[in-house]
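For the sequence shown, the tail end lands on 128 under our numbering, and the numbers increase by one without skipping. Notes for the one structure printed next.
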Amino acid sequence: IWLQGHLAESKQTLLIVSHDQHFLNAIATDIILLESCELHYFAGDFDAFKKRHASFTAEVRKKAEANCKETHKLQASLQKGEGGAGSKAGRKAIKERIETLKSSPA
23 IWLQGHLAES
33 KQTLLIVSHD
43 QHFLNAIATD
53 IILLESCELH
63 YFAGDFDAFK
73 KRHASFTAEV
83 RKKAEANCKE
93 THKLQASLQK
103 GEGGAGSKAG
113 RKAIKERIET
123 LKSSPA
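So, in structure tokens, the structure goes:
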């Protein structure tokens, strides 16, 4: 309890690793999530993080599904020679877009 009170009053930035949610709620003012080699910032305590993380995860999943759908559509147009894929410049643009979508974090 002493440590919790001391850290809660501190103005220092600290990296804390803990499985104790009550402890984190008492001392955390911000949560930074490291996921897929990216940092994601969430303001608030651990309970606020859990609420926001659920919607963040759903948003990331939705974006990934949209990227996958667009990639399949572009690959199909390349195979059929449709949608700008009839020209060399069009095929190049489609291939570049596919690579961009594949390298996208979501």
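Built from N, CA and C at the ideal position, the CB exists for glycine as well.
* Sheet register partners of Phe64 (DSSP bridge) -> Taking the sequence shown and counting its residues from 1, the one referred to as residue 64 is at position 42. Ile53.
* Asked: What is the C-beta distance between Phe68 and Leu96, in whole angstroms, given that I count them as a contact (C-beta under 8 angstroms)?
  -> Sequence index remark: in the sequence shown, residue 68 carries index 46 (1-based). Sequence index remark: in the sequence shown, residue 96 carries index 74 (1-based). Not a contact, Cβ separation roughly 41 angstroms.
* Asked: Does the pairing of the region 47-64 with the region 85-100 give three or more beta-carbon distances under 8 angstroms?
  -> no
* Is it the case that the Cβ atoms of Ala48 and Ala70 are separated by a distance below 8 angstroms? -> Taking the first residue of the sequence shown as 1, we reach residue 48 at position 26. Taking the first residue of the sequence shown as 1, we reach residue 70 at position 48. Not in contact: Ala48 and Ala70 (Cβ atoms no closer than 8 angstroms).
* To the nearest angstrom, report how far apart Gly112 and Glu104 are at their CA atoms. => In the sequence shown, counting from the first residue as 1, residue 112 sits at position 90. In the sequence shown, counting from the first residue as 1, residue 104 sits at position 82. Going from the Cα of Gly112 to the Cα of Glu104 covers about 10 angstroms.
* Alpha carbon to alpha carbon, what distance is there between Glu87 and Ser126? -> Taking the sequence shown and counting its residues from 1, the one referred to as residue 126 is at position 104. Taking the sequence shown and counting its residues from 1, the one referred to as residue 87 is at position 65. Roughly 12 angstroms separates the two Cα atoms.
* By a C-beta neighbour count over all protein chains shown, 10 Å radius and 16 as the cutoff for buried, is Ala76 buried or exposed? -> Along the sequence shown, read from residue 1 onward, the residue named residue 76 stands at position 54. So Ala76 ends up on the exposed side.
* **Span of the alpha helix (DSSP H), counted from its first residue to its last, around Gly106** => As a working mapping, residue 106 is identified with position 84 in the sequence shown. Per DSSP, Gly106 lies in no alpha helix (DSSP H) and is assigned neither H nor E.
* Asked: Would DSSP call Thr122 helix, strand or coil?
  -> Here residue 122 refers to the residue found at position 100 when the sequence shown is read from its first residue. Here Thr122 carries a helix assignment [DSSP, helix/strand/coil].
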